[in-house]
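Trainee: Protein chains in written order, with numbering that gives the first Met the number 0: chain A, 0 to 327; chain B, 0 to 248.
Where is the CB? At the ideal position from N, CA and C, for every residue including glycine.
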Amino acid sequence: MRTWIESKASLFVLGIFAFLFLIPHMFTLSSYILHILIMIFYFSYLSSCWNLLGGIAGQHSMGHSAFVGLGAYTSTFLLLKVGLNPWIGMLLGGVVAALAGLFIGYLSFNYRLRGLYFLLITIAFAEILHILFSNIRSLGGASGLVVPLKEEGLINFQFSSKVPYYYIILAMLSFIILFSYLISRRRLGYYLVAIRENEEAARAVGIWVINYKLLATTISAFLSAFGGTFYAQYTYFIDPSTALGIGLSVEILIYPIVGGVGTVLGPFIGASVLYPLAELSRIILGAKTTGAHLMVYGAILIVIMMFAPRGVLGLFDDIFLMRGGRYR
Amino acid sequence: MEGTDNVAFLEVQNLTKSFGGLTAVKDLSFSVDEGEIVGIIGPNGAGKTTTFNLITGFTVPDKGSIFFRNQSIYGKYPEEICARGIFRTFQSAQSFPELTVKENVLIASMLRQPSLRLASKEAEEILVKMEMAEKQGIKTKYLTIPEKKRLELTKGLATHPRIMLLDEVMAGLLPMEIDPSVQIISQLRAGGITFVIIEHVMKVIMSISDRVLVLNYGEKIAEGTPKEVSNMPNVIEAYLGEDIAFAQD
Numbered sequence: 000m001r002t003w004i005e006s007k008a009s010l011f012v013l014g015i016f017a018f019l020f021l022i023p024h025m026f027t028l029s030s031y032i033l034h035i036l037i038m039i040f041y042f043s044y045l046s047s048c049w050n051l052l053g054g055i056a057g058q059h060s061m062g063h064s065a066f067v068g069l070g071a072y073t074s075t076f077l078l079l080k081v082g083l084n085p086w087i088g089m090l091l092g093g094v095v096a097a098l099a100g101l102f103i104g105y106l107s108f109n110y111r112l113r114g115l116y117f118l119l120i121t122i123a124f125a126e127i128l129h130i131l132f133s134n135i136r137s138l139g140g141a142s143g144l145v146v147p148l149k150e151e152g153l154i155n156f157q158f159s160s161k162v163p164y165y166y167i168i169l170a171m172l173s174f175i176i177l178f179s180y181l182i183s184r185r186r187l188g189y190y191l192v193a194i195r196e197n198e199e200a201a202r203a204v205g206i207w208v209i210n211y212k213l214l215a216t217t218i219s220a221f222l223s224a225f226g227g228t229f230y231a232q233y234t235y236f237i238d239p240s241t242a243l244g245i246g247l248s249v250e251i252l253i254y255p256i257v258g259g260v261g262t263v264l265g266p267f268i269g270a271s272v273l274y275p276l277a278e279l280s281r282i283i284l285g286a287k288t289t290g291a292h293l294m295v296y297g298a299i300l301i302v303i304m305m306f307a308p309r310g311v312l313g314l315f316d317d318i319f320l321m322r323g324g325r326y327r
Numbered sequence: 000m001e002g003t004d005n006v007a008f009l010e011v012q013n014l015t016k017s018f019g020g021l022t023a024v025k026d027l028s029f030s031v032d033e034g035e036i037v038g039i040i041g042p043n044g045a046g047k048t049t050t051f052n053l054i055t056g057f058t059v060p061d062k063g064s065i066f067f068r069n070q071s072i073y074g075k076y077p078e079e080i081c082a083r084g085i086f087r088t089f090q091s092a093q094s095f096p097e098l099t100v101k102e103n104v105l106i107a108s109m110l111r112q113p114s115l116r117l118a119s120k121e122a123e124e125i126l127v128k129m130e131m132a133e134k135q136g137i138k139t140k141y142l143t144i145p146e147k148k149r150l151e152l153t154k155g156l157a158t159h160p161r162i163m164l165l166d167e168v169m170a171g172l173l174p175m176e177i178d179p180s181v182q183i184i185s186q187l188r189a190g191g192i193t194f195v196i197i198e199h200v201m202k203v204i205m206s207i208s209d210r211v212l213v214l215n216y217g218e219k220i221a222e223g224t225p226k227e228v229s230n231m232p233n234v235i236e237a238y239l240g241e242d243i244a245f246a247q248d
């Protein structure tokens, strides 16, 4: 399903991404601004991974932190113990997360758990991992793992400057957006949307619903784990609550909802709108009154959902429709 | 195996299904020959829709056997049964509501077509054939009930079925909309598709069925040509109060 703005805007989007790639060349950005941009891209990436399963295929996972955490822990643990290159660790983390995705996917779909029940299963799974990892000493327990310092460079996935991280996460984001775009125009994308729209009708036209749901879960988990490794290499530190906690799962979920669930650009737009607002409210209010910024953030969320229940992209669609357009 | 047995195109034997204490379908046997149109009638709760669900795998039978073109399809998944050439419609028409009419048919076409381009081409042809081409850009949630029923038939065609099980596709249609639908089914039959039709609109069943099965409380109580069936005392009794004589003309 495309929104009107997406169907008209591919060139415009290409332009934006070209511009984003050029930003560090054209301006000298403060380390803080770079960090904000990196975090926007990071969450856009994770939310886009979630969107493959939760948005396009309509299987709402609220435990995606499990896959991110598995990615982060796999690469970091192997780097610490056997000195494995983090890029290879990233791939292995993807495989571990994909297997985990396959496991909970099989459990849920084979027993016909969908909707809220799937949501609960995914929360439970992530929380089990969260508690488990907090108590395993060789994984650092609740205090987490510190990424050992290596020689700076692309091979070791470690840089003293933020700029290389900016390019890496932007490349990852560009990839996932292109990937989502390509999927939505292929058999896989149509089948996943059909499953989201009506499982019975999908089965009646010969779509193997369980297999396609498993495929979507596996791909989404595999790609989410890459985000985890990126985060570990970027912050040099992971612990169970930031890498596996429910807070991360909720954040991953919220950006697509704000931007437009199931659309190619929704997660990116959601994160671009919401993350800076959250950051701004934290800067302005965070120092004065503890927790005030969270209230403001909550209020902003409510207002956005009131005026754009289908997300920002859906809002554009509605405005276009009111001006006499029509659905494709 | 194929051709060695002398079994009918679709052969249902001793099919039984209970839900808790209620036996929805009880020891039901019937057969359908290739090219036939078989009607299934019966009062509400007679087990008609359950029979469709059992044949198409949406409900798992308790016992019995089902053969389609000499191969057992008993207990198979709906996806596989569709791939083997059986398409069923749902009593309340099912579609992908946020997708357009064209996309709905396109998704069904993908079952047989190797590429999206070919599937798209076929979907367009079928839409024209079913006189739905002018609706192709509309999201199906905006369609009227008769349009949704027509769309379901269109989607079904796109899966290249050998047999179609239609569950009340005429219900809710205006009298003037019924004739075109009957015509379409006759045309499709001439094109080589076999039909089993559940219908409450007696005029339809009586005019297009070669044979009629009558179910009551999950059991077959009568079988024969429309005229034969409508004169059987037990059928009239099952329909007590309904005007079966009306259908005879």
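Quick check: the Cα distance between V228 of chain B and E123 of chain B, rounded to an integer number of angstroms?
Mentor: One C-alpha to the other measures close to 41 Å.
Trainee: DSSP three-state call for Q247 of chain B: helix, strand or coil?
Mentor: Note that Q247 of chain B has pLDDT 46, beneath the 50 cutoff, so the model's placement of it is unreliable and no number is given.
Trainee: From T15 of chain B to V24 of chain B, what does the alpha carbon distance come to, in whole angstroms?
Mentor: When rounded, the distance between both Cα atoms is 5 Å.
Trainee: Would you say the beta carbon of I253 of chain A is closer than 7 Å to some non-hydrogen atom of the ligand FMN?
Mentor: Looking at this structure, you won't find the ligand FMN or any other ligand, since it has none at all.
Trainee: Which residue's Cα is closest to the Cα of G88 of chain A: A:L101, A:G70, A:G152 and A:H292?
Mentor: Minimum Cα distance to G88 of chain A is reached at A:G70.
Trainee: Return the CA-CA distance between V6 of chain B and N69 of chain B, expressed in angstroms with no decimal places.
Mentor: For V6 of chain B and N69 of chain B, the distance between alpha carbons rounds to 6 Å.
Trainee: By the three-class DSSP mapping on this structure, what secondary structure does N52 of chain B have?
Mentor: Residue state, collapsed to three classes: helix.
Trainee: Report the three-state DSSP secondary structure of I282 of chain A (helix, strand or coil).
Mentor: Helix at I282 of chain A.
Trainee: How would you list, in chain order, the residues of chain A whose beta-carbon sits under 7 Å from the beta-carbon of K154 of chain B?
Mentor: What K154 of chain B touches in chain A: V204.
Trainee: For V192 of chain A, go through chain B and note every residue whose CB falls closer than 9 Å to its CB, in chain order.
Mentor: Result: F95, E97, L98, E102 and I106.
Trainee: Roughly how many angstroms separate the alpha carbons of I251 of chain A and Y274 of chain A, rounded to a whole number?
Mentor: Distance between the alpha carbons of I251 of chain A and Y274 of chain A is about 11 Å.
Trainee: Who pairs with I144 of chain B in a beta bridge, going by DSSP?
Mentor: Beta-bridge pairing links I144 of chain B to no other residue.
Trainee: Give a yes or no on whether 8 Å exceeds the smallest Cβ distance from R309 of chain A to chain B.
Mentor: No, R309 of chain A lies away from the interface with chain B (no Cβ there is under 8 Å from its Cβ).
Trainee: Between the beta-carbon of I175 of chain A and the beta-carbon of S47 of chain A, is there less than 8 Å?
Mentor: Going by C-beta atoms, I175 of chain A is nearer than 8 Å to S47 of chain A.
Trainee: If you reduce the DSSP assignment to three classes, tell me which class L144 of chain A lands in.
Mentor: Strand, per DSSP.
Trainee: Could you say which of A:A17, A:V145 and A:S133 lies nearest to Y235 of chain A if we only look at CA atoms?
Mentor: Measuring from the Cα of Y235 of chain A, the nearest candidate turns out to be A:V145.
Trainee: Classify S64 of chain A as buried or exposed, calling it buried when 16 or more other Cβ atoms lie within 10 Å of its own Cβ.
Mentor: Its Cβ being crowded by 16 or more others within 10 Å, S64 of chain A is buried.
Trainee: Measure the C-alpha to C-alpha separation of S137 of chain A and H129 of chain A and round it to an integer number of angstroms.
Mentor: Taking the straight line from one Cα to the other gives about 15 Å.
Trainee: Over what stretch of residues does the beta strand (DSSP E) that includes R87 of chain B continue unbroken?
Mentor: That run of the beta strand (DSSP E) goes I85 to R87.
Trainee: My output table needs one value for N84 of chain A: the three-state DSSP class, helix, strand or coil.
Mentor: Coil at N84 of chain A, not helix or strand.
Trainee: State yes or no: is the C-beta of I55 of chain A within less than 8 Å of the C-beta of R185 of chain A?
Mentor: For I55 of chain A and R185 of chain A, no; Cβs fall outside 8 Å.
Trainee: Residue range of the beta strand (DSSP E) that V211 of chain B falls in?
Mentor: Run containing V211 of chain B: R210 to N215, per the beta strand (DSSP E) assignment.
Trainee: Which value, in whole angstroms, describes the spacing of the CA atoms of G53 of chain A and I168 of chain A?
Mentor: Approximately 22 Å between the Cα atoms of the pair.
Trainee: Are any of the Cβ atoms in chain B nearer than 8 Å to that of Y274 of chain A?
Mentor: Y274 of chain A does not count as touching chain B.
Trainee: Quick one: which chain B residues come within Cβ less than 7 Å of R186 of chain A?
Mentor: The answer, in chain order, is M109 and L115.
Trainee: Under 8 Å by Cβ, that's how I've got A220 of chain A and A99 of chain A pegged, so tell me the actual separation to the nearest angstrom.
Mentor: Indeed they touch by this definition, with Cβ atoms about 6 Å apart.
Trainee: Do you know whose CA, among B:N13, B:L187 and B:E35, lies nearest L152 of chain B's CA?
Mentor: Cα-wise, what sits closest to L152 of chain B is B:L187.
Trainee: For chain B, check one thing: does any of its Cβ atoms lie closer than 8 Å to the Cβ of Y105 of chain A?
Mentor: So, not an interface residue.
Trainee: Within the 8 Å Cβ cut-off, does A82 of chain B reach chain D?
Mentor: Note that chain D does not occur in the displayed structure, where the protein chains are A and B.
Trainee: Could you tell me if G290 of chain A is buried or exposed, where buried requires 16 or more neighbouring beta carbons within 10 angstroms of its beta carbon?
Mentor: Burial call: exposed.
Trainee: Does the Cβ of L156 of chain B have 16 or more other Cβ atoms within 10 Å, making it buried, or fewer, making it exposed?
Mentor: Flag for L156 of chain B reads buried.
Trainee: Excluding the five sequence neighbours on either side, which residues of its own chain have a C-beta within less than 6 Å of the C-beta of N155 of chain A, listed in chain order?
Mentor: For N155 of chain A, where only same-chain residues beyond five positions count, the Cβ hits under 6 Å are K149.
Trainee: Please check if any C-beta of chain A sits within less than 8 Å of the C-beta of R87 of chain B.
Mentor: By this cut-off, R87 of chain B is an interface position.
Trainee: Confirm, please, whether the CB-CB distance from S271 of chain A to I39 of chain A is below 8 Å.
Mentor: Yes, the Cβ-Cβ distance between I39 of chain A and S271 of chain A is below 8 Å.
Trainee: Counting contacts by CB-CB distance shorter than 8 Å, is Y110 of chain A in contact with chain B?
Mentor: No, because no Cβ of chain B sits closer than 8 Å to the Cβ of Y110 of chain A.
Trainee: Return yes when the Cβ of Q12 of chain B is within less than 8 Å of the Cβ of T48 of chain B, no when it is not.
Mentor: Not in contact: T48 of chain B and Q12 of chain B (Cβ atoms no closer than 8 Å).
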